[in-house]
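Down below is the structure, laid out as structure tokens.
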Amino acid sequence: MELSRPELFDFCGVSMIHCFTENWDKVQNFKARPDDIVIATYAKAGTTWVSQILDLLYFGKSDPGRQTSIPIYERVPFLEMSIPKFFMGAELAEKMTTVPRIIKTHFPVQFMPKSFWEENCKIIYVARNAKDNVVSFFHFDRMNMVQPEPGDWPSYLQRFQEGKVVFGSWYDHVKGWWEKKQTYANIHYMFYEDLIEDTAQEIEKICSFLNISPTQEEKGRVRREVGFDAMKKNEMTNYSTLGVFDFKISPFMRKGKVSDWKNHFTVAQKDFIKLLNQKKMTNTTLRFRTEI
Ligand code: A3P
Numbered sequence: 001m002e003l004s005r006p007e008l009f010d011f012c013g014v015s016m017i018h019c020f021t022e023n024w025d026k027v028q029n030f031k032a033r034p035d036d037i038v039i040a041t042y043a044k045a046g047t048t049w050v051s052q053i054l055d056l057l058y059f060g061k062s063d064p065g066r067q068t069s070i071p072i073y074e075r076v077p078f079l080e081m082s083i084p085k086f087f088m089g090a091e092l093a094e095k096m097t098t099v100p101r102i103i104k105t106h107f108p109v110q111f112m113p114k115s116f117w118e119e120n121c122k123i124i125y126v127a128r129n130a131k132d133n134v135v136s137f138f139h140f141d142r143m144n145m146v147q148p149e150p151g152d153w154p155s156y157l158q159r160f161q162e163g164k165v166v167f168g169s170w171y172d173h174v175k176g177w178w179e180k181k182q183t184y185a186n187i188h189y190m191f192y193e194d195l196i197e198d199t200a201q202e203i204e205k206i207c208s209f210l211n212i213s214p215t216q217e218e219k220g221r222v223r224r225e226v227g228f229d230a231m232k233k234n235e236m237t238n239y240s241t242l243g244v245f246d247f248k249i250s251p252f253m254r255k256g257k258v259s260d261w262k263n264h265f266t267v268a269q270k271d272f273i274k275l276l277n278q279k280k281m282t283n284t285t286l287r288f289r290t291e292i
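Written out as structure tokens, the structure reads:
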């Protein structure tokens, strides 16, 4: 497949690229099933981590080889991703026979296909603080040959703050899903920082939300296999099999830490984003930790 970096364009008020809007009608008409579980995130908030946790919780016992033989992007299809002849997330999800289907999306809440709401599907939303999120996104865009050219760090940060990156404004995304949670009970809203701080406790909360009761042994296996080092080594979670990433530039499993922003932000950039946060986060009860 020939790879080329796409252009960003405005799509219904959100910055998007072609491969996420191309299959729009099919994605919007996607038929959710009541037992589907959705992992929704702004890109780079810990999607792969939570995907691996859920896959292990549901299939670790019945199909123990699955996590070391099937790439995460096949076990947990990316709903809106559409690169003809290469990867069509909605079609992959349609063909899945495993129950439940675990489906990933980076859509802002207003883009979700309506059948997920109609079927009252369970949704896990993972949020990550803006500063670490943008650092992770910057390095991802550098190494992902099907994302727009990121440019240098100062200009990238500027565009992130303006919402001119793929999937639009981080602020709108995290707040949009947070607001939805106030009226739609089946959203478990969790934070990357909490998952780093106490993975076991966050797995307990996920199990309670999903109404599942794995044994201590099963939970032990989940914890072992979702550690950063384990996932970095595992070819089925580190994306080394995908072929669109340039790992010489940056690995997918990069640092996996809270506060890496301190290695990137100048004092002026930190002050600017602090002011922006104050302005953009006034109309919400949502709060983030930027260190633990
Ligand atoms: P960094 O770039 O900060 O290292 P996503 O899956 O949404 O694309 O998110 C990727 C980010 O989650 C990357 O952050 C990656 O390292 C981090 N991540 C993935 N698995 C992790 C794990 N098991 N523990 C901690 N961080 C993890």
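If you read the sequence shown in the UniProt record's numbering, its first letter stands for residue 1, the second for the next number, and so on. All C-beta atoms, glycine included, are put in the ideal place defined by N, C-alpha and C. These numbers come from a predicted model, not from an experiment.
Ends of the beta strand (DSSP E) at His-188?
Here the question's residue 188 lines up with position 188 in the sequence shown. Residues 187-191.
Boundaries (first-last residue) of the beta strand (DSSP E) holding Ala-127
Along the sequence shown, one-based indexing puts residue 127 at 127. That run of the beta strand (DSSP E) goes 122-127.
Between Asn-238, Asn-283 and Val-38, which has its C-alpha nearest Met-112's C-alpha?
As a position in the sequence shown, residue 112 is number 112, starting the count at 1. Nearest of Asn-238, Asn-283 and Val-38 to Met-112, Cα basis: Val-38.
Looking at Thr-136 and the ligand A3P, is the gap between the Cβ and the nearest heavy atom below 6 Å?
Numbered from its first residue, the sequence shown carries residue 136 at position 136. Residue identity differs from the one stated: residue 136 is Ser in this sequence, not Thr. It does: the Cβ of Ser-136 is within 6 Å (strictly closer) of some heavy atom of the ligand A3P.
Please state whether DSSP places Ala-130 in a helix, a strand or coil.
One-based indexing of the sequence shown puts residue 130 at position 130. It is helical.
Is Gly-65 near the ligand A3P, with its Cβ less than 6 Å from a heavy atom?
Your numbering for residue 65 matches position 65 in the sequence shown. The answer is no for Gly-65.
Are there 16 or more other CB atoms within 10 angstroms of the CB of Gln-182, so buried, or fewer, so exposed?
Indexing the sequence shown from 1 puts residue 182 at position 182. Per the 10 Å Cβ criterion, exposed.
Given the structure, does Gly-256 come close to the ligand A3P, in the sense that its CB is under 6 Å from one of the ligand's heavy atoms?
Residue numbering aside, residue 256 sits at position 256 when the sequence shown is read from its first letter. At least one heavy atom of the ligand A3P is nearer than 6 Å to the Cβ of Gly-256, so yes.
Would you mind listing the beta strand (DSSP E) stretches within the stretch 90-114 that are 3+ residues and don't spill past its ends, in chain order?
102-105
Under the assumption that Ala-200 contacts Arg-224 (Cβ atoms under 8 Å), give the Cβ distance between them as a whole number of angstroms.
Counted from its first residue, the sequence shown places residue 200 at position 200. Counted from its first residue, the sequence shown places residue 224 at position 224. About 11 Å; that fails the 8 Å criterion.
Which complete alpha helix (DSSP H) runs does the stretch 154-206 hold, if anything under 4 residues is left out?
170-183 and 192-197
Whole runs of the alpha helix (DSSP H) within the stretch 21-53, excluding any shorter than 4 residues:
24-28
Can you pull the DSSP bridge partners for Ile-83?
In the sequence shown, the residue the question calls residue 83 occupies position 83. Looking at the DSSP assignment, Ile-83 forms a beta bridge with Phe-87.
Determine whether the beta carbon atoms of Ala-14 and Pro-108 lie at a separation below 7 Å.
Taking the sequence shown and counting its residues from 1, one reaches residue 14 at position 14. Taking the sequence shown and counting its residues from 1, one reaches residue 108 at position 108. The sequence as given places Val at residue 14; Ala does not occur at that position. For Val-14 and Pro-108, yes; Cβs fall inside 7 Å.
Is the beta carbon of residue 333 less than 7 Å from the beta carbon of Trp-178?
Since the first and last residues shown for the chain are 1 and 292, residue 333 lies out of range.
For a quick check, are the C-beta atoms of Arg-66 and Glu-193 less than 7 Å apart?
Mapped onto the sequence shown, residue 66 falls at position 66. Mapped onto the sequence shown, residue 193 falls at position 193. No; because the gap between Cβ atoms is not below 7 Å, this pair is not in contact.
Taking the alpha carbon of Arg-128 as the reference point, which residue from Gly-46, Val-166 and Ile-292 has its own alpha carbon closest?
On the sequence shown, residue 128 is found 128 positions in, with the first residue counted as 1. Selected option, being the one with the closest Cα: Gly-46.
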